[in-house]
Each structure stands twice: as C-alpha cells, then as structure tokens.
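All remarks here apply to the structure that follows.
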Amino acid sequence: MAEESEKILTIPLKMTRRVPKSQRASRAIKEIREFVARHMRAAEGLSEDEKERFTHPTEKIWIDTKVNEVIWRRGIEKPPAEIRVRAIKFEDGLIEVSLPEE
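The numbers in the sequence shown follow the working numbering, run straight up by one, and end at 112.
Put into structure tokens, the structure is as follows:
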C-alpha cells in the first residue's frame, strides 16, 4: 500500500496585490507552489540524485487545471484573495494540488 499524506490548506494570496496588475494571476500560481512546498515539506525525502535533477522543490508539485481555472476566472488582474486546496504527497515525493470536494 502506497504511503500518502493529505492536507486541506487555505492559501492566502493577498501578497499578489503587491505585484503589477499584469502579473497577479501568474504570481498567485507561484505563491500556491511555494506555500504547498513549505507546508508539505517537498524537500524532505529527496535522494541525492533527485536533489541534483530538481533545483527547487516546487518542481515536484503538480497543480490541477481546475485550480488554475479558479485563479484565472476573473482575469489576470484580479485573482482571489485566498483559495482552499487539497494537497496529496505521494511516496515518490510528487505533490498533487487540487480543489477539495465539498
């Protein structure tokens, strides 16, 4: 049986208001990656070979297209102030970010 850890996270995206309007939605995606990497401990458990291949732990994070659509729904200039996501960390270190089923 594969060992997985799952968390429901509420990610604040208010820091995106500090960047120019033309970069806010793409910055929100980067904020999601960084927040999930920090809270799911993406750097832990990487082998020496993987540490050489992946220069940053956020490269092991996969964001679902529905999360992307929620961020971009109101356009590039007005991403939401926060978003609730479900993050699942698999045994191989890959982290999947999707919307929680309500």
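The beta carbon of each residue, even a glycine, is placed where N, CA and C say it ideally should be.
When DSSP labels each residue in this structure, what does residue i get in the three-state scheme?
i	result
K76	helix
K70	helix
A8	Outside the displayed range of the chain (11 to 112) lies residue 8, so it cannot be described from this structure.
E105	Checking the displayed sequence, the identity of residue 105 turns out to be Ile instead of Glu. Reduced to three states, the DSSP call for I105 is strand.
E41	helix
R83	coil
A35	helix
E111	coil
M11	Legend: pLDDT at M11 = 40, less than 50; position of this residue unreliable, value from coordinates given subsequently. Reduced to three states, the DSSP call for M11 is coil.
Could you tell me which residues DSSP pairs with residue i in its beta bridges?
i	result
P22	E92
E16	I98
V29	Bridge partners of V29: none, in fact.
For residue i, which option in the options has the closest C-alpha, if you only look at C-alpha atoms?
i	options	result
R51	E101, I93, E111, S108	E101
E106	Q33, I42, R83, E87	I42
L109	V77, K99, I81	V77
V49	A97, L104, P89	Sequence inspection shows His at residue 49; the Val mentioned does not correspond to that position. It is A97 whose Cα lies nearest to the Cα of H49.
G85	R37, G103, M25, V95	R37
R27	A91, K99, R83, G103	A91
S32	W82, E13, P22, T75	W82
Is the stretch 16 to 26 touching the stretch 70 to 77, taking contact as three or more C-beta pairs under 8 Å? no
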